[in-house]
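Report on the following structure.
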Amino acid sequence: MRGTQPPRLAAWLFERLASGPNRESLGGDLAEQYRGGRSSAWYWRQVLMAVWASTTRDIGGHKLTAVRAVVISWMFLIPWLFFTGWVYGSTKFWVMETLIRGSIGLHDFWVIYAAPLLITWCLGSALIGWVVARLEPDCRAGMLFVCAASQLLLAVQWGAPAWRLANAGLPFFASFPVMVNLAVVFFMMPVSLFLGGLMAARQRPSIDASDH
Amino acid sequence: MAKREFLGGFELLVLLALIRLGDEAYGVPISEAIEESSGKEVAMGSVYITLERLEQKGLVSSRLGEPTAERGGRAKTYFHITAKGLREVRQARRTLMNLWQGVPQLQGGAL
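Same order as they appear, the protein sequences are chains A and B.
Its first residue numbered 1, the first sequence is counted upward by one per residue in the working numbering.
Its first residue numbered 213, the second sequence is counted upward by one per residue in the working numbering.
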């Protein structure tokens, strides 16, 4: 049965990502319309369009801030990638000889897919999102978007070797780990950055604060 | 010829909705008026961004209403068209009518 409360996740996203001087009134309008009989799908559409509108306005109206956010994000990202890569490379053989000796599954997880490295990259990306959202609370959707988009440069760097590998006629199992790595860089790192940014956002007065 | 900024299509729709609604114009009735006239769903975020832009141009003024429970304790923002806004709408109408008359395909409601 449909309640009077708007979809929680949509309202949560709106709270954290929508911006602008009339944000509160827009949130009230959406709640009023939902209680007036609009569907959950309508509410979701409106929230996503409001967040997208906030994103484009944040970027268009704060170009210098966007540049600063990208610079800050790469100032964290580059050392993080090098440091974690160095730690991973330095400890790989020790781990192979001690922790994962005889375990094919763990070997694939640790060495073939380089999962620990990718996980730390995603965590680093989430931390960057958290920092950016804290630094730019008034236009966090736009700043998170430009930072996530700038991370796609990493995928471009990985694109050429992946393309060569895909056309080298290797069996699927040989090229699959690289494709997984590329998918993480292309998709999971930007998503992690957004999630980190969402976690950092301070809770503002809830849309339905008066109901409780 | 003097250089001046033209009203966008959506800006004109919002201003016309404001004129029709009078003192009761806030986000919900504005978007409903545009939806009823156009038959298309309107993104309320876009309505507010347009209203903010019109306010910056001095074509619209706003005032904050009282918070209500049905809106989760959030206040309405009421919008009102200014004298400058009315002039711009009249000018846009004249421009559109002049152009309309020069297009035979659009005469008589054939299209």
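Cβ atoms here follow ideal geometry from the backbone N, Cα and C, with glycine treated the same way.
All values reported here derive from a predicted model rather than from experimental measurement.
Cβ of residue i within 7 Å of any chain A Cβ
i, result
"B:VAL240", "yes"
"B:GLY284", "yes"
"B:GLY257", "yes"
"B:TYR260", "yes"
"B:THR294", "no"
"B:THR307", "no"
Residue burial classification, residue i (beta-carbon count within 10 angstroms, cutoff 16)
i, result
"B:TRP312", "exposed"
"A:TRP163", "exposed"
"A:PRO58", "Correcting the residue identity first, residue 58 of chain A is Asp in this sequence and not Pro. By the 10 Å Cβ count, A:ASP58 comes out buried."
"A:MET143", "buried"
"B:LEU308", "exposed"
"B:LEU318", "exposed"
"A:MET75", "exposed"
"B:ASN324", "Given a span of 213 to 323 for chain B in the structure shown, any question on residue 324 of chain B remains unanswerable."
"B:PRO316", "exposed"
"B:ARG286", "buried"
"A:VAL156", "exposed"
"A:THR55", "buried"
"A:ILE104", "exposed"
"A:ALA200", "buried"
"A:ALA174", "exposed"
"B:ARG305", "exposed"
"A:PRO79", "exposed"
"B:MET248", "Per the sequence shown, residue 248 of chain B should be read as Glu rather than Met. By the neighbour-count rule (16 or more Cβ atoms within 10 Å), B:GLU248 is not buried but exposed."
"A:PRO21", "exposed"
"A:ARG23", "buried"
"A:LEU9", "exposed"
"A:PRO6", "buried"
"A:TRP86", "exposed"
is_contact[residue i, chain B] using C-beta, thresh 7 Å
i, result
"A:SER25", "yes"
"A:GLU32", "yes"
"A:MET49", "yes"
"A:ALA149", "no"
"A:ALA53", "yes"
"A:HIS212", "At A:HIS212 the pLDDT is 36, less than 50, meaning the model places this residue with poor confidence and gives no usable figure here."
"A:GLY102", "no"
"A:GLY61", "no"
"A:GLY142", "no"
"A:GLY159", "no"
"A:ASP108", "no"
"A:GLN46", "yes"
"A:ASP138", "no"
"A:GLY37", "no"
"A:ASN181", "no"
"A:ALA166", "no"
"A:GLY3", "no"
"A:GLY28", "yes"
Heavy atom of the ligand MG within 6 Å of residue i beta-carbon
i, result
"A:SER73", "Inclusion of the ligand MG in the displayed structure is not the case, the ligand content being empty and no account of it being possible."
Contact set between residue i and chain E, taken where Cβ atoms lie within less than 8 Å
i, result
"A:ARG57", "The structure shown contains no chain E; its protein chains are A and B."
Cβ pair count under 8 Å reaching 3, the stretch 94-106 of chain A against the stretch 175-188 of chain A
Contact between the stretch 94-106 of chain A and the stretch 175-188 of chain A is absent: fewer than three C-beta pairs spanning the two stretches fall below 8 Å.
Per the contact definition of three or more C-beta pairs closer than 8 Å, is the stretch 27-39 of chain A in contact with the stretch 215-235 of chain B?
Segments in contact, no.
Write down every uninterrupted run of the beta strand (DSSP E) in the stretch 19-83 of chain A whose length is 3 residues or greater and which is fully enclosed by it, in chain order.
Entirely contained in the stretch 19-83 of chain A, not one beta strand (DSSP E) run reaches 3 residues.
Let me know the beta strand (DSSP E) ranges lying completely inside the stretch 117-166 of chain A, each 3 residues or longer, listed in chain order.
Qualifying beta strand (DSSP E) stretches: none in this window.
Beta strand (DSSP E) segments (min. 3 residues) lying fully within the stretch 231-299 of chain B:
Listed in chain order, they are 272-280 and 286-293.
Between the stretch 118-129 of chain A and the stretch 183-194 of chain A, do three or more beta carbon pairs fall short of 8 Å?
They touch, by the three-pair rule.
Take every Cβ of the stretch 30-48 of chain A, pair it with every Cβ of the stretch 108-116 of chain A, and state whether three or more of those distances are shorter than 8 Å.
Touching, no.
Whether or not the stretch 62-69 of chain A and the stretch 134-142 of chain A are in contact is what I'm after, with contact meaning three or more pairs of Cβ atoms, one per stretch, closer than 8 Å; do they touch?
Here the stretch 134-142 of chain A lies against the stretch 62-69 of chain A, with 3 or more beta-carbon pairs under 8 Å apart.
Is it the case that the stretch 285-299 of chain B contacts the stretch 236-252 of chain B, given that we only count it when at least three CB pairs across the two stretches are under 8 Å?
Yes: the two stretches touch, three or more of their Cβ pairs being nearer than 8 Å.
With contact counted as at least three CB pairs below 8 Å, one residue from each stretch, are the stretch 257-267 of chain B and the stretch 215-229 of chain B in contact?
Note that the stretch 257-267 of chain B touches the stretch 215-229 of chain B; at least 3 beta-carbon pairs, one per stretch, sit closer than 8 Å.
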